[in-house]
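Residue numbers (our numbering): 357 to 1259.
Virtual Cβ for every residue (Gly too), placed ideally from N, Cα, C.
Since the structure comes first, as structure tokens, the remarks are kept for the end.
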DNA sequence: ATCCTCCCCTAC
DNA sequence: TAAGGTAGGGGAGGAT
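Next up, the structure:
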């Protein structure tokens, strides 16, 4: 999953070139190009010759001379230099061009920069064909095997110049991988431990959920244990939580292949030695400068892992980070995250091992599968750590906590070859702190009667959630141990730390933690962020990288079948006074962080849209690309995609619903039958509740700020779907059943369903397990005010954002609409018919929008300031004026709740 | 009051 | 050389 290339954007499914996000901005881009050309021409230049008259170059990638120098050369010798490729770009200048870019070059020749320098040297335009970078440009070839034309046969011209320059430049640029390289993201991810940790953690959270969904309730491991131990079921009154944590995970995995290093101080790093081979004496000064600045900017009281005054890093010390170190190494003061150079100073005999990413994945999988054979009451914390509710296991097997702990630890050791530690307690905090005592390679049960005394000896620094900043604040209050807090004042703690954190730490100091294990995690955000190797030399490289990130987050989004509504661009910008070249090789150095979100009220998941938004934010921020040291795209306000076909067909198979109308039928709107059959939302508008009124077409323009438009659930597209049932039995037939089911309004209906179907439904709409909408209440005519969110706070935070929270039955019905899903092939759509249909629905005052056209609206009126119905009419207008020439083919008939406020 | 945005903090 | 990611909780302060 890490290996996704960034080259998917240029082709659609059929392999034809599609727009790169600028189609609709053509005018803007043209203007921008003109402006750049203009600046170029107005520069104060001294013409030396006209040999490049008519030549218009675009520089792509790293070249020698640099792009800036080439720009000057072109200016002084009568050519043009383009920042973007245009239709009249005549040559692309590159020294080394990876495959992914080639696709986009088309017929324009890719020529080595020597063509320019040598032409200038001879003062005449040489034939560029001798300087072509690739022999066969039209054919796509494997990235690494481009036959490069040798320049050995160059005659006179090459003798004027040192040939070596271009070739060294080429090798240099392949050796130094910065984010300018299209392959960078992939390469970086495959070497990043932090990326691995993050993605593996998310995967296991997902895995536990999936295993629970498809579990048959049988646990072979547990059953075998019952037989083997032959004990009677016991009674365990209180809840028992187990915390499992692998001992210095990466090291343990590494030691499987290097048993000779067991018992020795060992660390996992990329670097092989504690010193770097550099003979650059200026390095020390640059490092000192950077560290001083870092120290200066460090918040008061906070300690830094990077600048440890007692462990000053000299100019040659390796700044490769230690991902994990053995307990033997920790005795020397080594810590995870420390630089290798520092570590070697503390422990000269330290052995280093390389990463073994495949090994980590394998061991993690084995670990989870092992535990899962006993229970699925697992909260995955990370690839090497989890909480498990073991009460049922202990009950069933009759084992004591200690016996169970020994058993599971032995088994994990056996199947993974790696040791782990386990802690037990009556809540997750106690279990976790027990693990701390158990480590390494042990087990400990913190029994309820010992909690208070045990806790009093725990340093506050050991509490989960207390890091260096919080610790500094606690020290300010003269608190160091949990015991000191047990008698202290909660108020003063909250004043210093904030309400939530203050209370949590207060609770924790007493050994309390009422947060239940989370077995089913639902993602709230997705992001991809790179703060390493960012050194852009052209704006294009920067844009390309933003595009790679866009592809990445888009892919991750669709992997979990979600869409997003919020986008934030995060930039790390070299701080004023920070050296341009960082102490750590290609690191980010001391930076200012900029977060900027783009206002957005429609959902998206498409990479092109993400790119366009992110790029727009970047352009607006006006940060010079050369100063960037980190770039990230964060997507938030996620929602599951509407279930399209599969779950529905499952329901059909089960006979829960009947499928009747496979295609859109304008004349006989399925909405009508539902409306008329279920409730009395007639055509008269005067008697409606205010909430309904705001959806009335007549009130558009002034109702957009009405109460209805403000709840958290309202400014978003929401959905449900159902198939129309032919049976007309007063709305209580299959369709009504399914609709209620999907809305999670009637939990009784849910309960009556067969187990497997219920599970499907729960999977799709897990957030509605606590139904937020009271059907009885919402049927009352006066629902002027949305439900008070405060009343929902007892249920989970998620519930608050449920699509159906805050919606009354009336509103839901009013909001039902048809969503026509479009496909990329628009050829056989009858525009007239659709326009008619839209008009018809408009007359009925129903909400209607085409998903694909909504994207169109968003593209073209990105700053729309109107309500949903205005957007709707804009769409109709657009159809009538031919602005939207074609819609997608109508594939599915679905009803979707839609209530959107576009800013 | 209640939201949203832009941070900071923490954990692995 | 080196691979400084990612997700969630929450607070300050402005907008409404």
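CA-to-CA distance, residue j to residue i, given in whole angstroms
i	j	result
residue 928	residue 746	44 Å
residue 677	residue 944	14 Å
residue 544	residue 591	52 Å
residue 478	residue 472	10 Å
residue 447	residue 467	7 Å
residue 428	residue 712	48 Å
residue 1184	residue 771	Unreliable placement is indicated for residue 1184, whose pLDDT of 32 sits below 50; the coordinate value is still reported in the next sentence. Near 58 Å, if we compare the C-alpha coordinates of residue 771 and residue 1184.
residue 424	residue 694	39 Å
residue 951	residue 723	38 Å
residue 793	residue 597	16 Å
residue 983	residue 700	33 Å
residue 404	residue 412	17 Å
residue 609	residue 875	27 Å
residue 558	residue 618	31 Å
residue 721	residue 736	12 Å
residue 759	residue 831	40 Å
residue 533	residue 855	46 Å
residue 416	residue 981	16 Å
residue 716	residue 583	32 Å
Option nearest residue i by Cα separation, candidates the options
i	options	result
residue 905	924, 893, 809, 918	924
residue 997	816, 616, 700, 913	913
residue 706	770, 728, 896, 628	628
residue 972	982, 983, 956, 985	956
residue 328	860, 465, 618, 781	Residue 328 lies beyond the stretch modelled for the chain, which goes from 357 to 1259, so this question has no answer here.
residue 625	410, 681, 646	681
residue 767	748, 990, 726	726
residue 757	783, 830, 964, 799	799
residue 547	714, 803, 685	714
residue 444	451, 992, 465	465
residue 853	828, 866, 640, 719	828
residue 410	420, 435, 855, 949	435
residue 414	878, 734, 449, 649	449
residue 719	702, 734, 877, 774	774
residue 604	761, 683, 616	683
residue 963	910, 787, 940, 654	910
Beta carbon of residue i nearer than 8 Å to that of residue j
i	j	result
residue 835	residue 823	no
residue 535	residue 889	yes
residue 994	residue 920	yes
residue 568	residue 732	yes
residue 581	residue 632	no
residue 985	residue 887	yes
residue 753	residue 585	yes
residue 791	residue 812	no
residue 966	residue 742	no
residue 740	residue 918	no
residue 688	residue 796	no
residue 851	residue 862	no
residue 729	residue 576	yes
Bounding residues of the alpha helix (DSSP H) (the contiguous stretch that carries residue i)
i	result
residue 551	549 to 570
residue 864	855 to 865
residue 768	757 to 772
residue 450	Residue 450 -> no alpha helix (DSSP H), and no H or E assigned at all.
residue 921	Element bounds for residue 921: n/a, residue is neither H nor E.
residue 735	Counting along the chain, residue 735 falls outside any alpha helix (DSSP H), though it belongs to the beta strand (DSSP E) covering 734 to 738.
residue 816	No alpha helix (DSSP H) holds residue 816; DSSP gives it neither H nor E.
residue 786	784 to 794
residue 1317	Outside the shown range of the chain (357 to 1259) lies residue 1317, about which nothing can therefore be said.
Residue i: first and last residue of the uninterrupted beta strand (DSSP E) it sits in
i	result
residue 745	741 to 745
residue 1268	An answer regarding residue 1268 cannot be provided, because it is not within the stretch 357 to 1259 covered by the chain.
residue 1290	In the structure displayed, the chain extends from 357 to 1259; residue 1290 sits before or after that span and is not available.
residue 679	Run containing residue 679: none; DSSP gives neither H nor E here.
residue 889	Residue 889 -> no beta strand (DSSP E), and no H or E assigned at all.
residue 931	Per DSSP, residue 931 belongs to no beta strand (DSSP E) and is neither H nor E.
residue 435	Looking at the DSSP string, residue 435 is not in any beta strand (DSSP E), and its letter there is neither H nor E.
residue 948	947 to 954
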